[in-house]
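In full-length UniProt numbering, the protein residues as written are 1 to 331.
Structure, as structure tokens:
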């Protein structure tokens with residue numbers, strides 16, 4: 001562990017068009033931190049299985065695996081703060097803000113919830129038991145003890161954790177509050193398949209009284225998102241309308257409670273978009289927008305509100321609640 005970050009193992013091809021290991025790493029990850037990668041090689045922070053530093057001239061094929069510590073040169077602090085909800089011998093539960101990734105990813109390493117907590121709480125063994133998208137705020141649970149971690153991870157694997165979310169979506173023009181209310185509650189089911197660089201979502205079925213609107217094909221920043229006729233459903237969410245009204249920014253909006261029965265990537269965001277109710281400030285669904293700097297005054301209006309389960313060690317019921325609010329909730 002170094003500054004809250006574990007060493008990362010990377011598999012390197014034994015053959016290819018790159019003369020050196022450095023050339024391969026630079027071409028693969030240089031878009032994230034081009035200068036920082038070369039600096040790590042120069043500083044001896046990229047090593048082989050024996051801990052021996054690699055140089056920028058180490059030939060491709062000299063090794064199959066390398067290890068390095070993830071970092072980003074000149075990483076800019078995010079102006080958001082997490083809040084501790086609960087800590088005991090086994091668990092840390094945190095109220096995550098919008099914009100903060102749960103774990104290191106891309107240009108965020110020190111500015112991730114996991115690394116922040118490891119450093120501030122001095123807990124090098126801390127590991128997230130589940131994750132939230134960077135744009136989503138709310139309850140996240142971490143394990144402190146490797147010996148008891150598996151018991152809590154099984155709760156999520158066996159789907160015996162009850163999770164509730166809230167979101168705010170703009171009401172389509174011409175749809176009255178009464179007509180909106182008549183559509184809910186309902187359950188959305190569809191098939192979501194994830195491959196590298198591609199998210200494929202297809203409406204399989206949801207509340208039969210609604211026809212649904214599928215998003216159009218579109219080009220993504222690192223691949224594309226498309227709808228294809230894929231039979232069957234592997235995701236399910238129950239959606240309930242809490243209230244309607246006018247948001248502080250002047251939109252006619254609905255405030256929803258979402259109970260996912262499964263945990264596919266972007267599931268709730270996709271399901272709301274399929275209903276024609278894309279979550280406010282969502283840059284992916286239903287329209288994929290160009291990459292742009294964060295607008296910290298316009299967070300994604302999605303919040304992980306509650307987490308409920310029976311503690312596998314004590315047998316007691318546990319419930320954790322986010323104290324955050326969605327700024328576009330109807331007044």
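Every residue gets a Cβ at the ideal spot worked out from N, C-alpha and C, and that includes glycine.
DSSP assignment within the segment 143-200 yields the following whole beta strand (DSSP E) runs of 3 residues or more, N-terminal first: 162-170, 186-195. Between the C-alpha atoms of residue 316 and residue 309 there is a straight-line separation of about 9 Å.
Under a 10 Å Cβ-count criterion, residue 51 is classified as exposed, with fewer than 16 other Cβ atoms of the shown protein chains found around its own Cβ.
For residue 141, the secondary structure class from DSSP, reduced to helix, strand or coil, is strand.
The alpha-carbon of residue 269 is positioned some 7 Å away from that of residue 279.
In the DSSP annotation of this structure, the continuous segment of the alpha helix (DSSP H) that includes residue 35 starts and ends at 21-42.
Using a Cβ distance threshold of 8 Å, residue 26 and residue 48 do not count as a contacting pair.
Under the 10 Å beta carbon count, residue 155 is surrounded by 16 or more other beta carbons and is classified as buried. DSSP, reduced to helix, strand and coil, places residue 304 within a strand of the structure shown. Around the beta carbon of residue 286, 16 or more other beta carbons lie within 10 angstroms, which makes this residue buried.
Shown here for residue 30: same chain residues with a beta carbon closer than 7 Å to its own, the five before and five after excluded, namely 37 in chain order.
A distance below 8 Å between beta-carbons, with the five flanking residues on each side excluded, links residue 79 to the following residues of its chain, in chain order: 296. A residue is called buried once 16 or more other Cβ atoms fall within 10 Å of its Cβ, and residue 32, having fewer, is exposed.
Rounded to the nearest whole angstrom, the CA to CA distance from residue 258 to residue 145 is 31 Å. Between the segment 111-126 and the segment 76-92, the count of C-beta pairs closer than 8 Å reaches three or more; the two stretches touch. Distance between residue 127 and residue 7, taken at the CA atoms: about 14 Å. Relative to the Cα of residue 100, the nearest Cα in the group 125, 139, 91, 123 belongs to 139. For residue 123, no alpha helix (DSSP H) encloses it, and the DSSP letter there is neither H nor E.
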